[in-house]
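Contents: one structure, followed by commentary.
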Amino acid sequence: MRRGVIARLSLALTGFALTVPVTAAEAQLLETMKALSEGGSWLNLPVRSGKAALRGPLVPLGGLAINGCFVVWRRHSGEWTVHAKDERSGQAIDTVAIPGAPVRFAYKAGFTARFSVDVEWSEPRDTTLFIWVGASRARRGSSDDGAEGDGEDICTPRSKHSKSGGGTK
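Residue numbering for the sequence shown is 4 to 172, as defined by this note's numbering.
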């Protein structure tokens with residue numbers, strides 16, 4: 004009997020979740036979170052007059068420790084000032100990224116997180132910023148060098164859709 008109640012409740016909650024409207028930015032961040040569980044994903048942000056911003060939804064992370072890396076697509080130009088912050092914990096990354104150069108980081112999540120990203124390009128014009136975000140669960144005693152247990156580097160895009168051609172607008 005109890006199993007049937009839980010199944011009906013789970014079905015009702017899933018149905019409700021499917022009806023909640025999600026903004027494009029939230030959908031992209033949720034897709035990115037899914038991809039991170041698979042090793043990484045490309046994120047694309049519209050840049051207007053050299054600036055871009057993303058505000059994500061509240062996501063449950065359950066205290067995960069993460070080794071991460073992001074890489075601005077190598078065919079972009081200029082410098083990219085990145086401020087990424089977990090609004091819940093206050094943890095932040097402030098860096099200047101050069102296209103193709105990995106930026107590694109370690110992150111210890113709280114129970115929930117809400118991420119925001121602000122980017123400023125050294126060239127005040129419009130484009131779409133392509134940025135690879137890779138992550139793996141940190142293991143006890145591991146460093147934040149981005150290397151996974153199987154020897155793969157989380158800074159190396161694994162997607163068959165890797166950004167290999169073209170340029171900025």
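Each residue gets a CB set at the ideal place from its N, CA and C atoms; glycine is no exception.
This one's a predicted model, so the numbers in the text were calculated from it and none came from an experiment.
query: Would A95 be called buried (16 or more neighbouring beta carbons within 10 Å of its own) or exposed?
result: Translated into positions along the sequence shown, residue 95 becomes position 92. Exposed: under 16 other Cβ atoms inside 10 Å.
task: Out of E41, G66, C158, L132, point me to the one whose CA is closest to L48's CA.
output: In the sequence shown, counting from the first residue as 1, residue 48 sits at position 45. Checking every option, the nearest Cα to that of L48 belongs to L132.
message: If you measure between the beta carbons of A138 and I69, is that distance less than 7 Å?
response: Taking the first residue of the sequence shown as 1, we reach residue 138 at position 135. Taking the first residue of the sequence shown as 1, we reach residue 69 at position 66. Yes.
query: If you run the structure through DSSP and keep just helix, strand and coil, what is W45?
result: In the sequence shown, residue 45 corresponds to position 42, counting from 1. Strand.
query: Among L57, I101, R142, G53, which one has its Cα closest to the Cα of E90?
result: Sequence index remark: in the sequence shown, residue 90 carries index 87 (1-based). E90 has its Cα closest to that of L57, out of L57, I101, R142, G53.
field: Cβ-based burial, G149 [other Cβ within 10 Å; buried from 16]
entry: Position 146 of the sequence shown, counted from the start, is the residue given in the question as residue 149. Low confidence applies to G149: its pLDDT is 49, below 50, so where it sits in the model is not reliable enough to give any reading.
- prompt: Contact check, G43 vs R161 under 8 Å by CB: the rounded distance?
  reply: Within the sequence shown, the letter at position 40 stands for residue 43. Within the sequence shown, the letter at position 158 stands for residue 161. Between the beta-carbon of G43 and that of R161 there is about 6 Å, and that keeps the pair under the 8 Å contact cut.
- request: Compute the Euclidean distance between the alpha carbons of I134 and V85, then round it to the nearest angstrom.
  value: For the purposes of this step, residue 134 is taken as the residue at position 131 of the sequence shown. For the purposes of this step, residue 85 is taken as the residue at position 82 of the sequence shown. Spanning the two alpha carbons is a distance of roughly 11 Å.
message: Quick check: what's the CA-CA separation for G18 versus S119?
response: On the sequence shown, residue 18 is found 15 positions in, with the first residue counted as 1. On the sequence shown, residue 119 is found 116 positions in, with the first residue counted as 1. Residue placement at G18 is poorly supported in this model, since its pLDDT is 46, which falls under 50; the coordinates are not used for a value here.
message: Can you tell me which residues form a DSSP beta bridge with M73?
response: Here the question's residue 73 lines up with position 70 in the sequence shown. Note that residue 73 is Phe in the sequence shown, not Met. Partner(s): V106, V136.
- request: Under the assumption that V75 contacts D129 (Cβ atoms under 8 Å), give the Cβ distance between them as a whole number of angstroms.
  value: Against the sequence shown, residue 75 aligns to sequence position 72. Against the sequence shown, residue 129 aligns to sequence position 126. Not a contact, Cβ separation roughly 16 Å.
- prompt: Is W45 near G81, with beta carbons less than 7 Å apart?
  reply: Your numbering for residue 45 matches position 42 in the sequence shown. Your numbering for residue 81 matches position 78 in the sequence shown. Against a cut-off of 7 Å, the Cβ pair of G81 and W45 comes out as no contact.
query: When we look at the beta-carbon of G93 and count the other beta-carbons within 10 Å, is it buried (16 or more) or exposed?
result: Residue mapping note: residue 93 aligns to position 90 of the sequence shown, counting from 1. Per the 10 Å Cβ criterion, exposed.
Sub-7 Å separation of P127 and S52 beta-carbons: The residue labelled residue 127 in the question sits at position 124 within the sequence shown. The residue labelled residue 52 in the question sits at position 49 within the sequence shown. Yes.
message: Quick check: the Cα distance between L67 and F114, rounded to an integer number of angstroms?
response: Counting from one through the sequence shown, the residue named residue 67 turns up at place 64. Counting from one through the sequence shown, the residue named residue 114 turns up at place 111. Each residue's Cα considered, the two are about 8 Å apart.
task: Please name the residue, chosen from K111, P102, P63, that lies closest to R77 on a Cα-to-Cα basis.
output: What you label residue 77 is simply residue 74 of the sequence shown in a count that begins at 1. Nearest C-alpha to R77: P102.
message: Let's test the definition: count the other Cβ atoms within 10 Å of the Cβ of V99 and tell me whether it reaches 16, buried, or not, exposed.
response: Against the sequence shown, residue 99 aligns to sequence position 96. Counting other Cβ atoms within 10 Å of its Cβ, V99 stays below 16 and is therefore classed as exposed.
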